[in-house]
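Counting from 623, one number per residue, gives the positions in the sequence shown under our numbering. All C-beta atoms, glycine included, are put in the ideal place defined by N, C-alpha and C. This one's a predicted model, so the numbers in the text were calculated from it and none came from an experiment. Below is one structure, written out as structure tokens, with a few remarks after it.
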Amino acid sequence: MSTTSTRRGRATWTRRATAGASVAGAALLLGACAPAVPAPAPDPAPEKPQAALTSQQVDHVHDAINHTLAAATKAEDPKELEPRVEGPALRARSWQLTVAKQADEPDLVTDLPLDSQSDVVPATDTWPRTGMSVSVEAEGSQSPRLSVIEQDDARAPYSLWGWVKLFPDTSLPAFAEPSVGSPAVAHDDGDSLVVSPDDAFARYVDVLNLGDDSKYADQFGDDLFRQLLADQDKVLNKALEPADGKHTTTFKATDDALRSVATTDGGAVVMGAMDAREAYKAEKGAKIQPQTDAEKALFGDQEATNTLDVDSVSMVAMYIPPAGTKDGKPKVLGVERVTTKVTS
């Protein structure tokens, strides 16, 4: 390469470098003079958990559960219930489908109306998420059903956990609007309520077993379930008198944790499940036959003897007033009782 060419190349390179440096310097100067761009401020975190479902999502949950119930009923197959039915509802519905198939009696399956008249949406940012739903009246002007709907974790679908038939003319306490949501209440919360859900349920079981002899008898108002049980016991014991017989019913709470949702007055609506055994016993040589269609279907071809045990599961809903309520007592709102086993 000639000296001239080298000098020209160096000159060209120098001019380019100088120009580049000038542009870079100008850019730095402009950058130094430009105002700083403010970082976007995050939205403030809500002071309390918001409603976990929109109205459209609630409708989707109802549709999915109703589709599952209808498919299982049509197929008379309890396996069709999962994963949209769980807990005591799964056990109760499974037995209803089994009994209805054995007895060829579709009416033995509780009618759960497809449409709801009000929904209680969970307000939480954690799991499980528990809500409730009140149905329209069932066919034949039967009372509405109160159902518990629950999502176990972020990946699980919302499922039917339990349901009861509300007693006739029962008035439910008010819940927060669905757009606001209702928080769950701890099952051991005895501070904000007149009695904790755990204690209320355990005491109610004691009252069912001992009646007026229970030390908790005056802590509950009278209710239709207790009346029906007392009337049934009188009728059956009178029928067994000629055979020197006796009828008793013993309840015990199941291992299912209670489901509780807050009401606007500071109270809570609670649902839980209990198992029961009706025991019939008469003198030797007597033969005790099953009474209802469900009992007959589960009894099957067993030979009748002087004893008969009838097992059932009951879902029970009650309202617990807030602490400080004058003369506040837990009030039973409704029950669903399903026969599960009959043995001689």
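Mapping the DSSP letters down to three states, classify residue i as helix, strand or coil.
i, result
"H869", "strand"
"I910", "coil"
"P710", "helix"
"D855", "helix"
"S936", "strand"
"L815", "strand"
"E704", "coil"
"L652", "At L652 the pLDDT is 40, less than 50, meaning the model places this residue with poor confidence; the figure from the coordinates comes in the next sentence. Helix, per DSSP."
"R777", "coil"
"T927", "coil"
"G784", "strand"
"Q841", "helix"
"P864", "helix"
"K948", "coil"
"S836", "coil"
"K874", "strand"
"A674", "coil"
"A808", "coil"
"A725", "helix"
"T640", "Confidence at T640 is low in this model, with a pLDDT of 43, below 50, so the placement of that residue should be treated as unreliable; the coordinate-derived value is given next. In this structure, T640 counts as helix in the three-state DSSP scheme."
Please classify residue i: is it buried, with 16 or more other beta-carbons within 10 angstroms of its beta-carbon, or exposed?
i, result
"T870", "exposed"
"D813", "exposed"
"G762", "exposed"
"K696", "exposed"
"K874", "exposed"
"L691", "buried"
"G922", "exposed"
"Q924", "exposed"
"K787", "buried"
"V807", "buried"
"E958", "buried"
"S793", "exposed"
"V827", "buried"
"Q718", "buried"
"E708", "buried"
Starting from residue i, trace the alpha helix (DSSP H) in both directions and tell me its first and last residue.
i, result
"L832", "P819 to L832"
"L691", "S677 to A697"
"A916", "D915 to F921"
Determine the extent of the beta strand (DSSP E) in which residue i is found, giving its start and end residues.
i, result
"A773", "Strictly speaking, residue 773 in this sequence is Gln, with Ala absent from that position. Taken as a continuous stretch (DSSP letters only), the beta strand (DSSP E) holding Q773 covers R767 to Q773."
"A901", "A890 to K903"
"D572", "For the chain, the structure presents residues 623 to 966; residue 572 sits outside this window and is missing."
"K953", "K953 to T965"
"V994", "A question about residue 994 goes unanswered here, because the residues of the chain that appear run from 623 up to 966."
"V613", "Residue 613 is absent from the model: the chain starts at 623 and stops at 966."
One question on the structure: do residue i and residue j come within less than 9 Å of each other, judged by their Cβ atoms?
i, j, result
"L880", "L851", "no"
"I942", "V817", "yes"
"V938", "R899", "no"
"Q773", "P766", "no"
"A904", "L862", "yes"
"V960", "V935", "yes"
"V743", "P795", "no"
"T876", "P710", "yes"
"A798", "A884", "yes"
"Q845", "K953", "Residue 845 is actually Asp in this sequence, not Gln. Yes, they are a contact pair."
"G803", "A674", "yes"
"E759", "P735", "yes"
"P819", "G907", "no"
"K948", "F842", "no"
"P700", "S677", "no"
"S740", "H684", "no"
"A901", "L930", "yes"
"V770", "T752", "yes"
"P671", "T748", "yes"
"E702", "A714", "no"
"P805", "T746", "yes"
"I687", "S757", "no"
"A822", "G888", "no"
Under 8 Å: does the beta carbon of residue i sit that close to some heavy atom of the ligand NAP?
i, result
"K701", "Annotation note on the ligand NAP: not contained in the displayed structure, which lists no ligands."
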